[in-house]
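Asker:
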Amino acid sequence: MSDTHSEAARAIAFVRTDMLPEQEPPATTIGFVGWLRKNLFSSVANSILTVIALLFIAYVMSGLLPWLFQSVWNAGSLNECREIMNATWGDTHGHACWGVVKERWLQLLYGFYPDHLYWRVNLAFVLTLVAMAPVLFSEQLPRKMLIVTALYPFVMPWLLWGGSIWGPIAAALGFVIGYYAYKILEPIAGSLVAIIAAVLLPVIWWFGLSGLITGALTDLMPIGIEAVQSRKFGGFMLAILLGIVAIGCSLPIGIVLALGRQSDLLLVKAICVGFIEFIRGVPLITLLFVASLLLNLFLPPGTNFDIILRVMIMMTLFAAAYMAEVIRGGLAALPKGQYEGADSLGLNYWQAQRLIIMPQALKISIPGIVSTFIGIFKDTTLVSIIGLFDVIGLSNAIRADTAWNGIYWELFAFIAFLFFIVCFSMSRYSMYLERKLQTGHN
Amino acid sequence: MTAMTDPARESFRLSMLIYDTRYRSFTIQAVALLGFMLFGAWLISNTITNLQTLGKPVQFGFLLEPAQYDINQRLLDYNNRDTHLRAAFIGLTNTLLVAFLGCIAATILGVFVGVLRLSKNWLVAKIMAVYVEVFRNVPVLLWIVLAMAVLIESLPSPKDFRGDNATASMSFFDSVAVTNRGVYIPEPLFSRSLGDVHLLGDSPLRMDLSLDLLAIVLVIIASIFAIKKVNARATAIQNSTGLRPTTWHVNLGIFFVPLIVLLIALGFHLGYPELKGFNFQGGTHLRNSLTALWLALSLYTAAFIAEIVRAGILAISHGQTEAAGALGLRPKRIMSLVVLPQALRVIIPPLISNYLNLTKNSSLAIAVGYMDITGTLGGITMNQTGRELESVLMLMLAYLIISLSISAVMNWYNSRVKLVER
Amino acid sequence: MKKSVFLGALTVAGLAAGAAAAGTLDDVKARGKLNCGVTTGLVGFAAPDENGRWDGFDVGVCRAVAAAVLGDPDAVEFVPTTGKTRFTALASGEIDVLARNTTWTFSRDVDLKFTFVGVNYYNGQGFMVPKELGVSSAKELDGATVCIQTGTTTELNLADFFRANNISYEPVPIETNAEGQQQYLAGACDTYTTDASGLAATRASFENPADHVVLPEIISKEPLGPLVRHGDDEWGDVVRWTLNALIAAEELGITSANIGELSAAAGDNPEVNRLLGTEGNLGEMLGLDADWAVKAVQAGGNYGELFEKNIGENSPVGLARGLNAQWTDGGLLYSPPFR
């Protein structure tokens, strides 16, 4: 067998005895060209699509690029802009007048906040990130950083609104009182009395005593920073602030509502479902109408919250209903074994919620919470309709200035850019979280 | 052994309401109800006191007073001597109109973009990704205002159509005029019209029903019914003989012949828009405010729907497609019989909640002057009469009814398509 | 039982609050700030500048009141209000005075229960059209598309006008003046209607103002003035007479330039002396300092100076005095005597 084979081999004039050297793949399948062929021109239909897409991009860019870049930055009014445009390009169309952004960008960002106090706003928002970090990156960061998170709800308002330091300290003290009341009373008088005391004592403290004591302390030791009225808040800062407050305050309410909705207690469930469906069934703008027109009617005569606080209240209620649904989703996603496991350990309802259910449910809900935040954040623009000076409201006010009457696109482009940057990065982050959480489950 | 015997039946003691888990739920509910009612009573008593101080008792009588303002966009007849209630109703129909149009456009666009995002063409997929990200991450209010601005600035005004050296001209054989006041399209007219029926007499909810339209709808329904019969018969023949008779030409005939006969009988013709005086006259006028709102809401919502569609398609595991292929199904049937029914189950619930969002976002119509219910009842009526509490309550009620109806449809659908597990 | 106690407590609280709300003047003095409702931005009348400082004709009235009451024209919190929120803000006590281009009408006065303390600008609704349209009277506007700002009296006037003249029109409601301007310039409406002052201000900001005309018809009376809540006459008097002081100051030739000299000592004109507090006790009657009017005028000048600076012919808005001239010059401004 091998003989015949070798004879046949001898009869053929040329036999390759060694392997050909490995060759590069054809130029059309690798590198840039190969990529183009694979991704853009793989078939006739695809090629046509690509050409249409290219034409579309070219069309958009041909309008957008000159407008963006052949523009006027140094002008104090729209008329000045127009003069410069006429002098430089011969016409006033198709060129942006960024002078308005250059002149007003600080106002668009901070509203009417006193400019020597901008650092307080900046610090407050940096602090927000620091306070959120230990919650979001719980593995990497030390648990001690949670102290910042606990202090944040008292420090942030103090930084933004200013005033005496005793106010926030007194507010925080209420929680401390409640905590210790529970700690001390529980072994002595049982948990029910302890819980009642833990709720009542802080309430008495906040509404009764703290006012007197902080007043006295302020007179004795007037430690504080310059107070800023909430009317001065505006611009992009207002949007962020409303978003943070609404989400922050709505989280506990949302948890309670979600638990209420899952509860076996019919009445509690009915109240929670009613609230959630009502809030989710009406547009935010009607709730803002309530904030601006009606909320004072519902409160005891003579109470007068300022409009920003009222908007915060309504936005919080609005966010709470959505938050409740997100958390309900998180609760529903937990395997039933977790509930049963907690029961079999003999934990009561609140212990099970606190130790087993909520930590997991909240973790699953984080992406949902972030997207709720993005939604609320975008919805804050609606406050311009009730006359608050958020970015859109401010852009209208800027247009009412004689110097900038008639300017339009530049302001909206700037606002859209601001929102896009913030929302886009947040949505990317939430996607990253979602992926991280998903792999954690498998 | 003592553990085995039942505990002696205790007589009910008051402390059991707190410490006995059997009764505790009653206590909690009673406390919750009491708290809730107290809270409600507190709110109401505050409101009554406050309104008394202001001298504005709650009354809805203003709704029956003449509105005195005009509404440009209306589906039903209205003039400024009609009541505020009528104006609110006109606004409600406008809300429903834009929500309906928006949902349709957003669905079509969203599915289109969602599928293209999965395209093998890199450039197209990227463009769609950019579209989705840009539209999702900028507030819808801004999009509405921008859409209006684009329509106003980029389209020609009616005066550009005028004169010998007009810079703009009508498209589609002089039948459609696209202007920055809106789009004028030919309107269907009937020279031998059957007339209208006036429903609900003189009440604020009155509406005219065109008998012509009714006749056309009836004929179409009848045709579809007949086509179904023909198809059923064809299937019966196929089942008995194995051969399916061709039915498409019969179906076409059944559909179009009665319709065309009816249209000729009614004297159907088109009324073309014409430039007369200041404006185009005749034809149907799609106002800019409607178009801008429709466009912005659809584009914004479509970005969300695209993501839902993409996720829905990706959620169907590849094994399903392969298994269907192994069964011998063709790609088209795989899509329609295997992938889509499963994907739809994932897609539909979030899709409907997006419809809900779109409807609620349509309340931003106020920013472009589209007279929806927020613009009439919550806008001009509220301003002119100063009845904030009543107007806002009615406004909320209207939206709540719309939302709850959509939710009801959603729940009904969900329960229908839900996988029955275990 | 418990509930009635609860409600009783509330009623007491309500009465206490009602009593407290009765004295707006005392409230303002105690607060050290005047809360003044203005527009969210209207060229010439009220707009914030890049430092957040408000300026404009209506703002001038607010500052004068603040100066008269508190002695400091900057002791004002400006609360931007929309057409919708303005009355609620005033009724709920969020603002002490509303100076927001508000037309004095019967129903606002009687039904909504506000007191208009006077008129700081006599306005009227007019129409602006491009010259090339060749329209010379509003009655020729049959079939025209009309841009109109919602939430004001203008839409009612417009409906009335077209109905009275039996001609048709297509209303295009718009939310803000800026949008109206944009639509009008782009030709999306044939004519823009709003207060004549607003039209003039808008026209002044155009690239080519000469291409547009304001039609001669003024279809409504729009007396614009500051207003306060019903039922607090002391406070109403303060605002009313501060406004009158500005008007009277112009009539009497008192300007921010010469007021220092005139108020230093009593002069020859007894009315000037009474106004400036160098004679008599008018300030005391109002519950204010003797030199309240001096401070009010010093805040931004007399009526004429405020007008010239913010909306007058030499300002970008470029309005003529017209009806808003002193009665001695053929206008309607007529301050009751200070005595």
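Chains as they are written, first to last, in this note's numbering: chain A, 88 to 529; chain B, 253 to 674; chain C, 28 to 366. Built from N, CA and C at the ideal position, the CB exists for glycine as well. Here the structure is a predicted model, which is why all the values come from computation and not from measurement.
1) Determine the closest residue to Asp477 (chain A) out of A:Gln194, A:Asn161, A:Gly295 and A:Met410, with distance taken between C-alpha atoms.
2) Take Ala660 (chain B) and list the residues in its own chain whose beta-carbon comes closer than 6 Å to its own, dropping the five residues that flank it on each side.
3) Output the residue ranges of the alpha helix (DSSP H) runs that lie fully inside the stretch 318-356 of chain A and measure 4 residues or longer, sorted by chain position.
4) Specify, as a first and last residue, the run of the alpha helix (DSSP H) that Ala292 (chain C) falls within.
5) Using a Cβ-Cβ cutoff of 7 Å, what residues of the stretch 464-482 of chain A are near chain C? List them in chain order.
6) Taking 8 Å as the CB-CB limit, is Asn133 (chain A) close to chain C?
7) What residues in the stretch 375-391 of chain A bring their beta carbon closer than 7 Å to a beta carbon of chain C?
8) Can you check whether the C-beta of Leu266 (chain B) is within less than 8 Å of a C-beta belonging to chain A?
9) Quick check on Ala48 (chain C): does DSSP put it in helix, strand or coil?
10) Please list the partners that Thr179 (chain A) has in chain B, where partner means a Cβ-to-Cβ separation under 8 Å.
11) Which residue's Cα is closest to the Cα of Asn271 (chain C): C:Val144, C:Val55 and C:Val65?
12) Output the distance between the C-alpha atoms of Ala503 (chain A) and Leu286 (chain B), rounded to the nearest integer angstrom.
13) Quick one: is Gly225 (chain C) near chain A, going by C-beta distance under 8 Å?
14) Using CA coordinates, which residue listed in C:Ala213, C:Gly294, C:Val321 and C:Pro198 is at the minimum distance from Ile286 (chain C)?
15) Check the Cβ of Leu183 (chain C) against every Cβ in chain B and list those closer than 8 Å, keeping chain order.
16) Taking any Cβ of chain B, which residues in the stretch 192-217 of chain C have a Cβ under 7 Å from it, in chain order?
17) Which term fits Leu470 (chain B), buried or exposed, when burial requires 16 or more other beta carbons within 10 angstroms of its beta carbon?
18) On the three-pair Cβ rule with 8 Å, is the stretch 257-270 of chain A touching the stretch 284-291 of chain A?
19) List the residues of chain C that Gly493 (chain A) touches, going by C-beta distances under 7 Å, in chain order.
20) Would you say the beta carbon of Ala126 (chain C) is closer than 7 Å to some non-hydrogen atom of the ligand NAP?
21) Going by DSSP, what residue range makes up the beta strand (DSSP E) through Met155 (chain C)?
22) Does DSSP put Arg216 (chain C) in a helix, in a strand, or in coil?
23) Within 8 Å of any Cβ in chain B, is that where the Cβ of Phe365 (chain A) sits?
24) Note down, in chain order, every chain B residue with its Cβ under 9 Å from the Cβ of Ile116 (chain A).
25) How is the beta strand (DSSP E) around Tyr196 (chain C) delimited, first residue to last?
26) Closer than 8 Å by beta-carbon distance: list the chain C residues that pair up with Phe199 (chain A), in chain order.
27) With distance defined between alpha-carbon atoms, name the residue in C:Gly314, C:Pro297, C:Lys111 and C:Ala213 nearest to Trp262 (chain C).
28) Could you spell out where the alpha helix (DSSP H) holding Thr279 (chain B) opens and where it closes?
29) Near Arg581 (chain B), what residues of its chain come up, given a Cβ to Cβ distance below 8 Å and the 5 sequence neighbours on each side ignored?
30) Please list the partners that Leu139 (chain C) has in chain A, where partner means a Cβ-to-Cβ separation under 9 Å.
31) Quick check on the burial criterion: 16 or more other C-beta atoms within 10 angstroms. Buried or exposed for Leu289 (chain C)?
32) How is Trp81 (chain C) classed by DSSP in three states: helix, strand or coil?
33) Got a sec? Which residues, its chain only, sit under 7 Å from Gly35 (chain C) by beta carbon, not counting five neighbours each side?
34) Give every residue of the same chain whose Cβ lies closer than 8 Å to the Cβ of Arg18 (chain C), excluding the five residues on either side of it in the sequence, and list them in chain order.
35) Beta-carbon of Glu190 (chain A) versus every beta-carbon of chain C: anything under 8 Å?
36) Among the residues of its own chain, which have a CB less than 6 Å from the CB of Ala429 (chain A), if the five just before and after it don't count?
Answerer: So, to answer that:
1) Residue numbering aside, residue 477 (chain A) sits at position 390 when the first sequence is read from its first letter. Of A:Gln194, A:Asn161, A:Gly295 and A:Met410, the residue nearest in Cα terms is A:Gln194.
2) To locate residue 660 (chain B), count along the second sequence from 1; it is residue 408. Cβ neighbours of Ala660 (chain B) beyond the five flanking positions: none.
3) With a minimum length of 4 residues, the continuous alpha helix (DSSP H) runs that stay inside the stretch 318-356 of chain A are 322-349.
4) Against the third sequence, residue 292 (chain C) aligns to sequence position 265. Careful: Ala292 (chain C) lies outside any alpha helix (DSSP H) and carries neither H nor E.
5) Cβ contacts with chain C: Ile473, Gly474, Phe476 and Gly480.
6) Working through the first sequence from its first residue, we reach residue 133 (chain A) at position 46. With respect to chain C, the C-beta atom of Asn133 (chain A) has no partner C-beta closer than 8 Å.
7) So the list reads Ser379, Leu380, Asn383, Pro387, Pro388, Gly389 and Asn391, given in the order they occur along the chain.
8) The residue given as residue 266 (chain B) occupies position 14 in the second sequence. Taking Cβ atoms only, chain A never reaches closer than 8 Å to Leu266 (chain B), which makes this a no.
9) In the third sequence, counting from the first residue as 1, residue 48 (chain C) sits at position 21. Legend: pLDDT at Ala48 (chain C) = 48, less than 50; position of this residue unreliable, no value from coordinates given.
10) Here residue 179 (chain A) refers to the residue found at position 92 when the first sequence is read from its first residue. The premise fails here: Thr179 (chain A) is roughly 13 Å from chain B at the closest Cβ pair, so nothing lies under 8 Å.
11) Within the third sequence, residue 271 (chain C) is the residue found at index 244, counting from 1. Comparing C-alpha distances from Asn271 (chain C) to each of C:Val144, C:Val55 and C:Val65 shows the shortest one belongs to C:Val144.
12) Here residue 503 (chain A) is taken as the residue at index 416 of the first sequence, counted from 1. Here residue 286 (chain B) is taken as the residue at index 34 of the second sequence, counted from 1. Rounded to the nearest whole angstrom, the CA to CA distance from Ala503 (chain A) to Leu286 (chain B) is 48 Å.
13) Taking the first residue of the third sequence as 1, we reach residue 225 (chain C) at position 198. Judged by the 8 Å Cβ criterion, Gly225 (chain C) is not in contact with chain A.
14) Reading the third sequence from its first residue, position 259 is the one you call residue 286 (chain C). Looking at the Cα atoms, C:Val321 is the closest of the given residues.
15) By 1-based counting over the third sequence, the position of residue 183 (chain C) is 156. Under a criterion of Cβ atoms nearer than 8 Å, the residues of chain B adjacent to Leu183 (chain C) are, in order, Gln320, Tyr321 and Gln636.
16) Listed by position, the residues of the stretch 192-217 of chain C near chain B (Cβ gap below 7 Å) are Glu197, Pro198, Val199, Pro200, Ile201, Glu202, Gln209, Gln210, Ala213, Gly214, Ala215 and Asp217.
17) As a position in the second sequence, residue 470 (chain B) is number 218, starting the count at 1. Note on Leu470 (chain B): under 16 other CB atoms within 10 angstroms of its CB, so exposed under the neighbour-count rule.
18) Touching, yes, given that three or more Cβ pairs across the two stretches are closer than 8 Å.
19) The count along the first sequence starts at 1 and reaches residue 493 (chain A) at position 406. Within chain C, the residues near Gly493 (chain A) are Gln208 and Ser232.
20) As presented, the structure is devoid of all ligands, the ligand NAP included, so that no description of it is given.
21) Locating residue 155 (chain C) in the third sequence gives position 128, counting from the first residue. Met155 (chain C): member of the beta strand (DSSP E) spanning Gln152 to Pro157, first to last residue.
22) On the third sequence, residue 216 (chain C) is found 189 positions in, with the first residue counted as 1. A small fix is needed here, since residue 216 (chain C) is Cys in this sequence, not Arg. Cys216 (chain C) falls in the coil class under three-state DSSP.
23) As a working note, residue 365 (chain A) is residue 278 in the first sequence. Contacts with chain B at 8 Å (Cβ-Cβ) include Phe365 (chain A).
24) Within the first sequence, the letter at position 29 stands for residue 116 (chain A). A small correction: the amino acid at residue 116 (chain A) is Thr; Ile does not occupy that position in the sequence shown. Taking the beta carbon of Thr116 (chain A) as reference, no residue of chain B falls within 9 Å; the closest one sits roughly 16 Å away.
25) Here residue 196 (chain C) refers to the residue found at position 169 of the third sequence. Segment Tyr196 to Ile201, the beta strand (DSSP E) holding Tyr196 (chain C).
26) Here residue 199 (chain A) refers to the residue found at position 112 of the first sequence. For a Cβ distance threshold of 8 Å, residue set Pro75 and Gly79 of chain C lies close to Phe199 (chain A), ordered along the chain.
27) Residue mapping note: residue 262 (chain C) aligns to position 235 of the third sequence, counting from 1. Trp262 (chain C) has its Cα closest to that of C:Gly314, out of C:Gly314, C:Pro297, C:Lys111 and C:Ala213.
28) Along the second sequence, read from residue 1 onward, the residue named residue 279 (chain B) stands at position 27. It spans Thr273 to Leu306 - the alpha helix (DSSP H) in which Thr279 (chain B) sits, taken as one unbroken run.
29) Numbered from 1 along the second sequence, position 329 holds the residue referred to as residue 581 (chain B). Residue identity check: residue 581 (chain B) is Leu in the sequence provided, not Arg. Counting only Cβ-Cβ distances below 8 Å, and skipping sequence neighbours, we find Leu589 and Val590.
30) As a position in the third sequence, residue 139 (chain C) is number 112, starting the count at 1. Those within 9 Å of Leu139 (chain C) in chain A number zero; the least Cβ separation is about 13 Å.
31) Numbered from 1 along the third sequence, position 262 holds the residue referred to as residue 289 (chain C). Buried: at least 16 other Cβ atoms inside 10 Å.
32) Locating residue 81 (chain C) in the third sequence gives position 54, where the first residue counts as 1. Correct three-state label for Trp81 (chain C): strand.
33) Counted from its first residue, the third sequence places residue 35 (chain C) at position 8. With a pLDDT of 38 at Gly35 (chain C), under the threshold of 50, the predicted position of this residue should be treated as unreliable, though the coordinate-derived value follows. For Gly35 (chain C), where only same-chain residues beyond five positions count, there are no Cβ hits under 7 Å.
34) Missing from the structure shown is residue 18 (chain C); chain C here goes from 28 to 366 and no further.
35) If you number the first sequence from 1, residue 190 (chain A) lands on position 103. For Glu190 (chain A), a Cβ of chain C is located within less than 8 Å of the residue's own Cβ.
36) One-based indexing of the first sequence puts residue 429 (chain A) at position 342. Short of 6 Å from the beta carbon of Ala429 (chain A), and not among the five residues preceding or following it, lie these beta carbons of its own chain, in chain order: Ala439 and Ile443.
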